[in-house]
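Asks: Attaching a single structure in structure tokens format; questions to follow.
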Amino acid sequence: MRNQNLKSIQSSFYIFKLSSIILLAAINPVAAEAIKNHSDLGATTQIKESRDRVSTSARDLLSQEKKQGDWEIVRAEETFLDTETRRRRDAGRREREMYFPNSPVSQFPNQASVVDLKQNDLSGTAADLVAQGVTRVTGVQINQTESGLELVLETVAGSERLVPLILPEGNELVIDLLDATLAFSIRNGVTKLNPAPGINRITVNQADENSIRVRITGENQAPSAEVVPGGDDLVLSITPESTIAEQEPDEEIEVIATGEAEDDDYYVPDASTATRTETPLWDIPASVQVVPQEVIEDQGATNVREVVRNVAGVTFADSIGNRAERFNLRGFQAEQFLNGIREDTVFSNRTQQDLANIERVEVLKGPASVLFGRAEPSGIINFITKQPLLEPYYNLEFTAGNFDFYRPSLDISGPLTDNKKLAYRLNVAYENAGSFRDFIDTERIFVAPVLAWQISPDTEFTAEFSYLNDNRPIDRGLVVLSDDEVADVPLSRTFTNGEDIEYEQTKVSLYFDHRFNSTLSLRSAFRYTDLNEISTDETDVEPIELLDDRFLTLQQFGTDGDTENSETYTFQTDLTAEFNTGSIQHKVLLGLEYAEVDNTFFSEVRDAGVVDIFDFDVDDIVIGDEVEFVFDGASDISSFGIYLQDQVTLLENLKLVVGGRFDTYTEESSFLGEVTEAEADAFSPRVGIVYQPIQPVSLYASYTRSFTPVGGTDVEGEPFDPQRGTGLEQGLKLG
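Remember, our numbering sits 138 above the position in the sequence shown when you count from 1.
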């Protein structure tokens, strides 16, 4: 078991719109001087300082320049604004004048005014105008109302008030929020399908560095909205156009902005793991914990072990000889999933999960077979991957630590077309590390591109690819004597020759999302995984048996070529319908899943000698020429599951989740010509209820069952019954 205990120093490089800076410098020498004076804004070894210095863009350089020629810089910047941006910005200034007549923006409505004021030596430089202060949106809530919906944009306490600029475009209502940015926890944006009758979709995304764009799509025409300031909050309500006639003429329409604490970036309000739908954690009758991207980055985590330390009840179990990572949760092994698709640590993920393309980690505690099929009763760990961004994003990081650990990584994203219908994201990482254990060196290369295509407002297609090449030797850990005590040998001592086993892992994932109408949507996913374990006849020397608490027999497992190959095919499809029966709201999920695994393995076993554990030298390992045994076999596994779930809102503060899944499982294995078969099927139900007596309190209770097939047969040749687990849980969530 490896324990690097890294004292990591992480350096982050943020690369932004260099082309705009260069053009700006060409237009005006003052801008060039500003760039020169700030050219040292690059790398820093302090993680928090790197994140706080979010941008070194042309706008930031302009805001830092407080010397002669400020108005020239503003005028140079003005030339980069396209007609649409300038129109929205000017309209936004007019909006500010209505609500904040004493704001500096209202005093400087256009470029000419800026020039005149500067020339008359009035206070308020161009830098002050550019650096108006950016309000950070830390959370987005969408609530249904009788007339439509209510959009809540949560902001940091004491921030400037958000002022929306509202313009209809076709059947969409476009709301621009100037001088605003999304917090790190929601930097990929927020999307809500069918939030209310007559409204098909709501998206909240970062439009550029200092503005947010909200798009609200109506079924047939653009919804309507009004803005009324009230106290420190900005309140906005959205109403489908078709229902306007039913309202009172002077009815208020409200968007709410509330103050939240600075550390709310660590809080993620929604998760999909427990229900396969985007559901507030508050409304889930189960214990779900989310580790968001900001926690992972602030922690400087380089492996999953470091991430799950943030989750109570999750402990590292073993590494299968320094290969994959397995974890225990509530006393059982926690199955691992990637975007809701199983990641077997034997057949599809034989080595450590790389974090380069992981956006967040969701941990569901308790039986999860109702939606995920075969799994232990403890729960699951679900990794959510990073998705393409609609604005250019560039991030270069370098992490270094003890035992010769170093890891550079690259994360870039942005649109590929002018209309932003096609976007990409690319994550690349290289890792090279030693260990406190002798002869244990590792090296890995990871590449993960993603392509997202917005085919239409109702249809999206995403293709993910990842390639991992990982080289590491087998390390079985410490030697335990017959009295169950660890042998008194150095912790660094390993009984291996340090020769690497190579792992090649290729994954292709395809996702298709389509909204039929305001109540019905479809999501389908397909994944193909190819895993190869490659060795030579010099690799994989392992301890076998301890003799007389001193002498250890060794064997070598390997061959020239592929030792093992696994191909995994998984198909999932979910159909979600949202509707009301009277005053009761339903969100019904109907899904099916089919998976198939084809696995073959071959290895030759040779004697590698006997060594003294108290007086060991790597030269004592002598691999024999004669093959003593051959591992030769295969296994074919297929599984099918169909599931149904209904999330019922009985009252605003009383919610019910009812569901069930039926699974079938078959496995045919062969070893040295002997064939065994196993079959199992099971029904896994779930019933859960959530009651929220007051806003910060959520009480829940649930009943769930798990399903785990068991391989092999009994003495009569009959397959074993599957293992079943039952979970009864009551809990309290405090906000």
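For every residue, glycine included, the Cβ atom is placed at its ideal position computed from N, Cα and C.
1. In this structure, how does DSSP classify I875 when only helix, strand and coil are distinguished?
2. Does Q693 come out as helix, strand or coil in the three-state DSSP assignment?
3. Run through DSSP, which three-state label would F521 get?
4. For E497 versus V428, is the C-beta spacing smaller than 8 Å?
5. Residues in the same chain with beta-carbon distance under 6 Å from P857, minus the five sequence neighbours each way, listed in chain order, please.
6. Distance, Cα to Cα, V768 vs F739?
7. I'd like the list of long-range same chain contacts for A746, defined as Cβ closer than 6 Å, with 5 residues on each side in sequence excluded.
8. Counting only the same chain and skipping the five closest in sequence on each side, list residues whose C-beta sits under 6 Å from that of T600.
9. Who are the near neighbours of R614 in its chain, counting only those whose CB is closer than 7 Å to its CB and skipping five residues on each side?
10. Could you name the residues of the same chain whose beta carbon sits closer than 8 Å to that of N348, not counting the 5 residues immediately before and after it, in chain order?
11. Starting from the C-beta of D686, find all residues in its chain whose C-beta is less than 8 Å away, skip the five residues before and the five after it, and write them out in chain order.
12. What alpha helix (DSSP H) runs, 4 residues minimum, are completely inside the segment 435-481?
13. Closest by CA to V726, which one among S776, D784 and S673?
14. Count the other CB atoms, across all protein chains shown, that sit within 10 Å of the CB of P387; report buried if there are 16 or more and exposed otherwise.
15. Would you tell me roughly how many angstroms separate the C-alpha atoms of L219 and L305, rounded to the nearest one?
16. Please name the residue, chosen from T644, N791 and R610, that lies closest to Y829 on a Cα-to-Cα basis.
17. On the CB-based measure, 16 or more other CB atoms within 10 Å of its CB, does F510 come out buried or exposed?
18. Buried or exposed, going by whether 16 or more other CB atoms sit within 10 Å of the CB of V446?
19. Indicate the three-state DSSP secondary structure (helix, strand or coil) for Q431 in the structure shown.
20. Taking V646 as the reference, which of V618, A561, Q592 and F709 has the closest Cα?
21. Tell me the start and end of each unbroken beta strand (DSSP E) in the segment 304-382 that is at least 3 residues and wholly inside, in chain order.
22. If you scan the segment 706-752 from start to end, which runs of the alpha helix (DSSP H) of 4 or more residues do you find wholly inside it?
23. Which value, in whole angstroms, describes the spacing of the CA atoms of Q359 and P418?
24. Take F809 and list the residues in its own chain whose beta-carbon comes closer than 6 Å to its own, dropping the five residues that flank it on each side.
25. Where does V342 land, buried or exposed, given buried means 16+ other C-beta within 10 angstroms?
26. From what residue to what residue does the beta strand (DSSP E) around L606 run?
27. Identify which residue in T580, P587 and E569 has its Cα closest to the Cα of G552.
28. Using three-state DSSP, classify V756 as helix, strand or coil.
29. State the Cα-Cα distance for the pair S683 and R488, rounded to the nearest angstrom.
30. Excluding the five sequence neighbours on either side, which residues of its own chain have a C-beta within less than 6 Å of the C-beta of V442, listed in chain order?
Replies: Let me lay it out:
1. The question about residue 875 has no answer here: the residues shown for the chain are numbered 139 through 873.
2. Strand.
3. In the three-state reduction of the DSSP assignment, F521 falls in the strand class, which pools E and B.
4. Their beta carbons are not under 8 Å apart, which means E497 does not touch V428 by this criterion.
5. Closer than 6 Å at Cβ, skipping near neighbours: A816, E817 and T851.
6. Taking the straight line joining both Cα atoms gives about 10 Å.
7. Taken in chain order, the residues that qualify are V679, L692, Q693, Q694, I759 and I761.
8. Hits under 6 Å: A590 and Y649.
9. Only residues of its own chain outside the window of five on either side were considered, and among them G459, E680 and P681 have a CB closer than 7 Å to the CB of R614, listed in chain order.
10. In chain order, R197, V272, L316, D317, A318 and T319 place their CB closer than 8 Å to the CB of N348, counting only its own chain and leaving out the 5 sequence neighbours on each side.
11. Here the set comprises nothing.
12. Taken in chain order, the unbroken stretches of alpha helix (DSSP H) that lie wholly in the segment 435-481 and span 4 residues or more are 442-446.
13. Nearest of S776, D784 and S673 to V726, Cα basis: D784.
14. In this prediction, P387 scores a pLDDT of 41, lower than 50, which makes its location untrustworthy; the coordinate-derived value is nonetheless stated afterwards. It is exposed - the Cβ of P387 has fewer than 16 other Cβ atoms within 10 Å.
15. At L219, the pLDDT of 42 sits below 50, so the modelled position is not reliable and the matter cannot be decided from this model.
16. With respect to the C-alpha of Y829, the residue from T644, N791 and R610 having the closest C-alpha is N791.
17. Buried: at least 16 other Cβ atoms inside 10 Å.
18. Looking at its Cβ environment, which holds 16 or more other Cβ atoms inside 10 Å, V446 is buried.
19. Note: Q431 maps to helix in three-state DSSP.
20. In terms of CA proximity to V646, F709 leads the group V618, A561, Q592 and F709.
21. Within the segment 304-382, complete beta strand (DSSP E) segments of at least 3 residues are found at 310-316, 318-320, 328-334, 337-346, 349-356, 362-368 and 371-377, given in chain order.
22. Scanning the segment 706-752 for uninterrupted alpha helix (DSSP H) segments of 4 residues or longer gives nothing; none is fully contained.
23. Taking the CA atoms as reference points, Q359 sits about 29 Å from P418.
24. Contacts found: G771.
25. V342 comes out buried.
26. Per DSSP, the continuous beta strand (DSSP E) segment holding L606 begins and ends at T597 to R610.
27. By alpha-carbon distance to G552, the top candidate from T580, P587 and E569 is P587.
28. V756 falls in the helix class under three-state DSSP.
29. Before going further, note that residue 683 is Glu rather than Ser in the sequence given. Between E683 and R488, the C-alpha separation is close to 25 Å.
30. Cβ neighbours of V442 within its own chain (closer than 6 Å, five residues either side excluded): E463 and Q491.
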